[in-house]
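J.:
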Amino acid sequence: MTGATRNLGFSLAQGLARRLEPDDVVYLTGRDPGRVAESVRLLSGHRANVTGEVLDVSDREAVERFANALADRHGGVDIVFSNHYARVQPGENAAEVIDGYVAANNLGTTHVLRSFAPLIRDNGRLLVVASRAGSLRALAPALHGRFENLQTLDDVDRAVCAWRDVVRQGLAAGQAWPEWINIPSKIGQVAAVRVLAAQRRAEDTLEEAPDSALYGGLIHLGHGEPGRFRTLVPWR
Ligand SMILES: NC(=O)c1ccc[n+]([C@@H]2O[C@H](COP(=O)([O-])OP(=O)(O)OC[C@H]3O[C@@H](n4cnc5c(N)ncnc54)[C@H](OP(=O)(O)O)[C@@H]3O)[C@@H](O)[C@H]2O)c1
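Residues in the sequence shown are numbered consecutively from 1, following the working numbering.
1) Let me make sure I understand the geometry here. Which of 112, 162 and 35 has the alpha-carbon closest to that of residue 79?
2) Compare the C-alpha of residue 58 against each of 83, 7 and 179 and name the closest.
3) Sorted by chain position, which residues of the same chain lie with C-beta nearer than 8 Å to residue 153's C-beta, five sequence neighbours on each side aside?
4) Just to confirm, does residue 31 get its C-beta within under 6 Å of one of the non-hydrogen atoms of ligand 1?
5) Between 147, 100 and 119, which has its C-alpha nearest residue 85's C-alpha?
6) Using a Cβ-Cβ cutoff of less than 8 Å, which residues in the same chain neighbour residue 72 once the five nearest sequence positions on both sides are dropped?
7) Have a look at residue 31 and residue 199 and give me their C-alpha separation to the nearest angstrom.
8) So, with DSSP's three-state summary, where would you put residue 52?
9) Quick check on this structure: which residue in 186, 158, 157 and 138 has the alpha carbon closest to the alpha carbon of residue 241?
10) Cβ-heavy atom distance between residue 129 and ligand 1 below 6 Å?
11) So, with DSSP's three-state summary, where would you put residue 11?
12) Taking only heavy atoms of ligand 1 into account, decide whether any of them is closer than 6 Å to the Cβ of residue 5.
13) Going by C-alpha distance, which of 26, 46 and 189 is nearest residue 127?
14) So, are the CB atoms of residue 98 and residue 167 less than 7 Å apart?
15) Helix, strand or coil: which one does DSSP assign to residue 185?
Right, dumping it as C-alpha cells:
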C-alpha cells in the first residue's frame, strides 16, 4: 500500500489488516518515517501483521529496491495498491509545484507499476487509485491524442512530462490544458494502467475488454487460465 499514512490509503490498509489472515503481511508505506510509525501503531492488534516501510514513490531506485526486497522475502505479492497522492494546496502556483506533483503522482505510479506488476501472484490484484477526473471526458478533445495509442510506460511518462513542461512554462491554458492539474495527472495514471493492461493482455492472451473501457485495476486470474481486467471508470 503506497501513501498509507492518511485517509484512503490508511483505511485500505486497515481493511486489509482486519480481513487478511494472521500469517499475511500488510506493508504500510509512506514517505515520512514518523507518520509511517504512527500509522503502524494505530493498526497494531489487527488480524494480519502490519509492517511499516518508508517509501517515497518518486524515488525510482527506492521503489525497485523495495520490490526486490519483497520478492526475496516472500517470492511475490498478492495485492498492490498504488494509492499515494501528493496534493496541491489551494492558491499554490501550478508552475511552481508541477515538478514534485508529477514526480510523485505520475512517475511514482509508473515506478510502482514497473517494479510490482512482475511480482503479482496468480489471483493477485494490482490497483491504481485514480479518480473520475482520470477520464478523457475531462480533457479537451484536441488533447485526447496525447494519451491514446501509447505502447509503453515510457511513452506514458513522455506524454505526462510534455504536459508538465508546458505547465512549468506557464503555457498550459493557451494549449487548452485544464487549469486543475489533477485532471491530466489522473488521465496519465489511467493511461499507464491501460498500457500495462494491454501488454499483459497480449502476453497472457487475456480476454478482450471493450475499447471504451478504462482499466482502473488489473486482476490477474492465474490458474494458467487467461486473466481478466476489470472496468472501473469510463475512459471516454
Ligand atoms: N479524497 C478524495 O476525495 C479522492 C477523490 C478521488 C480520488 N482520490 C484519490 O485517492 C487517492 C488517495 O486520496 P487521499 O484523499 O486519501 O489522499 P491524501 O489524504 O492526500 O493522502 C495521500 C497519501 O499519499 C502519501 N504521499 C504523498 N506523496 C508521496 C510520495 N512521494 N511517496 C509516497 N507517498 C506519498 C501521503 O503521505 P504524507 O502523509 O506524507 O503526505 C499520504 O499518505 C489519491 O490517488 C486521490 O487522487 C481521492
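In this text, a Cβ means the ideal position worked out from N, Cα and C, and glycines have one as well.
T.: Result, derived from the coordinates:
1) 112
2) 83
3) 110, 113, 114, 192, 195 and 196
4) yes
5) 100
6) none
7) 30 Å
8) strand
9) With the chain represented from 1 up to 236, any question about residue 241 goes unanswered, as that position is not in the structure.
10) yes
11) helix
12) yes
13) 189
14) yes
15) helix
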